[in-house]
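Visitor: Input: one structure, supplied below.
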Amino acid sequence: MSPVPGVGGTPQPGGRGPAGGNRAAVGADRGTAGNGRVAATGTRREQILDAAADLFARKGFHGVPIDEIGAAVGITGPALYRHFAGKEAILAEMLVGISEQLLAGAQAQLGEDDGRSAAPDPADPANPANPADPADPADPAAQDPHHRAGLDAARATAVLIALVDRHIEFALDHPALITIQFRDLDALPAQDLATVRRLQRAYVGIWADLIRAARGGPPARTDDPHEATAMAHATFGLLNSTPHSARLGRAATARLLHRMALRALLAPDPPALD
1 MSPVPGVGGT
11 PQPGGRGPAG
21 GNRAAVGADR
31 GTAGNGRVAA
41 TGTRREQILD
51 AAADLFARKG
61 FHGVPIDEIG
71 AAVGITGPAL
81 YRHFAGKEAI
91 LAEMLVGISE
101 QLLAGAQAQL
111 GEDDGRSAAP
121 DPADPANPAN
131 PADPADPADP
141 AAQDPHHRAG
151 LDAARATAVL
161 IALVDRHIEF
171 ALDHPALITI
181 QFRDLDALPA
191 QDLATVRRLQ
201 RAYVGIWADL
211 IRAARGGPPA
221 RTDDPHEATA
231 MAHATFGLLN
241 STPHSARLGR
251 AATARLLHRM
261 ALRALLAPDP
271 PALD
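Mapping of the sequence shown onto the UniProt record's numbering: position 185 corresponds to residue 185, and the numbering continues sequentially without gaps.
Have a look at this one:
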């Protein structure tokens, strides 16, 4: 599966946030009280994540010793273990975190569009965050993702455009995380890797459903869910090209990616090749 780094924005309560490249956005250490000491710990965690993301992006996960991460934030390697269990835990905080925000951002966008809650019940089989649970085959939502999303072509198009712009914003803010996700994803511990894959599948599923709904009639009909999924992955490949777009400038890159993505997703199909 193509890496699909997460949507930017405020970290979800109790979740992990994006870090690295430019600015960390990770909250205080989870499971602790909101006092001054925790705030300091949270700030140090942010510094560690930010420095580690920069180092991992430049040198690769396996090329960065724990002592180098500590030195980058002015602490010894052993002191870093007060904040993270090790390099793998730092990597997991980054990559699981951006995947969590990615899915939450897409769900929030759907909720803003149709007035539903942005945080569906985790036990709901139709919840895209729970793709492993089978939906009731008698439920029309299980048979037709357009019905499940509750979006006609015009509304699906509006949500899809908003998701494109959210993804562009994240990709421009955090190019280091994109580099790390592409290159070092398999360095995650097995459980964290499985979590990232599950979150990515759910996110891609939302995009694919929106693509099918937005392109649901001629002359740009896309009924095949596999084709819609492939289109989503191809779009992520385009939007995640930001680590290679520095010379163009942020505003120009954002405009270019927006224009190219929407043409690819929404323009009528060209005549078939003979």
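The C-beta atom is built at its ideal place from N, Cα and C for all residues, glycine as well.
Near LEU55, which residues of its chain fall below 7 angstroms by C-beta distance, leaving aside the five closest residues on each side in sequence?
Guide: Start at 1 with the first residue of the sequence shown, and residue 55 comes out as number 55. For LEU55, where only same-chain residues beyond five positions count, the Cβ hits under 7 angstroms are VAL64, GLU68, ILE69, ALA72.
Visitor: With DSSP run on the structure shown, which of helix, strand or coil describes ASP152?
Guide: Taking the first residue of the sequence shown as position 1, residue 152 is located at position 152. ASP152: coil per DSSP, three-state reduction.
Visitor: When the Cα atoms are used, what is the spatial distance from ALA108 to GLN191?
Guide: For the purposes of this step, residue 108 is identified with residue 108 of the sequence shown, where counting begins at 1. For the purposes of this step, residue 191 is identified with residue 191 of the sequence shown, where counting begins at 1. Their backbone Cα atoms lie some 26 angstroms apart in a straight line.
Visitor: Does DSSP classify THR195 as helix, strand or coil?
Guide: If you number the sequence shown from 1, residue 195 lands on position 195. Three-state DSSP puts THR195 in a helix.
Visitor: Going by the beta-carbon positions, is the gap between SER245 and THR235 smaller than 7 angstroms?
Guide: What you label residue 245 is simply residue 245 of the sequence shown in a count that begins at 1. What you label residue 235 is simply residue 235 of the sequence shown in a count that begins at 1. No. Outside cutoff.
Visitor: How many Å lie between ALA202 and THR43 at the Cα?
Guide: As a working mapping, residue 202 is identified with position 202 in the sequence shown. As a working mapping, residue 43 is identified with position 43 in the sequence shown. If you take the alpha carbons of ALA202 and THR43, they lie about 31 angstroms apart.
Visitor: For SER99, tell me which candidate among ALA194, LEU256, ASP269 has the shortest Cα-Cα distance.
Guide: Within the sequence shown, the letter at position 99 stands for residue 99. Closest option to SER99, Cα to Cα, is ALA194.
Visitor: Which value, in whole angstroms, describes the spacing of the CA atoms of LEU80 and HIS233?
Guide: Here residue 80 refers to the residue found at position 80 when the sequence shown is read from its first residue. Here residue 233 refers to the residue found at position 233 when the sequence shown is read from its first residue. In a straight line, the C-alpha of LEU80 is about 36 angstroms away from that of HIS233.
Visitor: When you compare only the Cα positions, how much space is there between PRO243 and ALA213?
Guide: Against the sequence shown, residue 243 aligns to sequence position 243. Against the sequence shown, residue 213 aligns to sequence position 213. When rounded, the distance between both Cα atoms is 31 angstroms.
Visitor: Take PHE61 and list the residues in its own chain whose beta-carbon comes closer than 8 angstroms to its own, dropping the five residues that flank it on each side.
Guide: The residue given as residue 61 occupies position 61 in the sequence shown. Closer than 8 angstroms at Cβ, skipping near neighbours: LYS87, LEU91, ILE180, ARG183, ASP184, ALA187.
Visitor: Can you round the beta-carbon distance between LEU239 and ILE161 to whole angstroms, since I take them to be within the 8 angstroms contact cut?
Guide: The sequence position of residue 239 within the sequence shown is 239, counting from 1. The sequence position of residue 161 within the sequence shown is 161, counting from 1. About 13 angstroms separates the two Cβ atoms, so there is no contact after all.
Visitor: How is the alpha helix (DSSP H) around GLY86 delimited, first residue to last?
Guide: Here residue 86 refers to the residue found at position 86 of the sequence shown. That residue, GLY86, is in no alpha helix (DSSP H); it is neither H nor E in DSSP.
Visitor: Between ARG58, MET260, GLY97, PRO78, which lies nearest to GLU46 when the distance is taken from Cα to Cα?
Guide: The sequence position of residue 46 within the sequence shown is 46, counting from 1. For the residues ARG58, MET260, GLY97, PRO78, the minimum Cα distance to GLU46 belongs to GLY97.
Visitor: Where does PRO225 sit, in a helix, a strand or coil, going by DSSP?
Guide: If you number the sequence shown from 1, residue 225 lands on position 225. If DSSP states are grouped into helix, strand and coil, PRO225 belongs with the helices.
Visitor: With a 10 Å radius around its C-beta and 16 neighbouring C-beta atoms as the bar for buried, classify HIS83 as buried or exposed.
Guide: For this step, residue 83 is matched to residue 83 along the sequence shown. Per the 10 Å Cβ criterion, buried.
Visitor: Taking only the alpha-carbon atoms, compute the straight-line gap between LEU266 and ASP50 and give it to the nearest angstrom.
Guide: Walking along the sequence shown from the start, residue 266 turns up at place 266. Walking along the sequence shown from the start, residue 50 turns up at place 50. Cα to Cα, the separation comes out at about 36 angstroms.
Visitor: If you compare alpha carbons, which of GLY105, LEU172, VAL159, LEU151 is closest to LEU248?
Guide: By 1-based counting over the sequence shown, the position of residue 248 is 248. Shortest Cα-Cα distance from LEU248 to any of GLY105, LEU172, VAL159, LEU151 involves LEU172.
Visitor: Reducing DSSP to helix, strand and coil, say where LEU188 ends up.
Guide: On the sequence shown, residue 188 is found 188 positions in, with the first residue counted as 1. LEU188: coil per DSSP, three-state reduction.
Visitor: Buried or exposed for ARG58, going by 16 or more other Cβ atoms inside 10 Å?
Guide: Residue 58 sits at position 58 when you count from the first residue of the sequence shown. ARG58 is exposed by the Cβ-count criterion.
Visitor: From the DSSP output, in three-state form, read off VAL38 for me.
Guide: Your numbering for residue 38 matches position 38 in the sequence shown. Its pLDDT being 27, under 50, VAL38 is placed unreliably by the model, and the measurement read from it follows with that caveat. Note: VAL38 maps to helix in three-state DSSP.
Visitor: In or out: THR157 buried (at least 16 other Cβ within 10 Å) or exposed?
Guide: Position 157 of the sequence shown, counted from the first residue, corresponds to residue 157. When all chains shown are included, THR157 counts as buried.
Visitor: Please look up how many angstroms separate the CB atoms of ASP152 and HIS258, rounded, as I've assumed it's under 8 angstroms.
Guide: As a first step, residue 152 is located in the sequence shown; it is residue number 152 there, counting from the start. As a first step, residue 258 is located in the sequence shown; it is residue number 258 there, counting from the start. Wrong, their Cβ atoms sit about 23 angstroms apart, outside the cutoff.
Visitor: So ALA106 and ILE211 are in contact, right, with Cβ under 8 angstroms, and what is the actual spacing, rounded?
Guide: Taking the sequence shown and counting its residues from 1, the one referred to as residue 106 is at position 106. Taking the sequence shown and counting its residues from 1, the one referred to as residue 211 is at position 211. Beta-carbon to beta-carbon, ALA106 and ILE211 are separated by about 13 angstroms, too far to satisfy the 8 angstroms threshold.
Visitor: Measure the alpha-carbon distance for PRO268 versus THR229 and round it to whole angstroms.
Guide: The sequence position of residue 268 within the sequence shown is 268, counting from 1. The sequence position of residue 229 within the sequence shown is 229, counting from 1. Whole-angstrom Cα-Cα distance: 17 angstroms.
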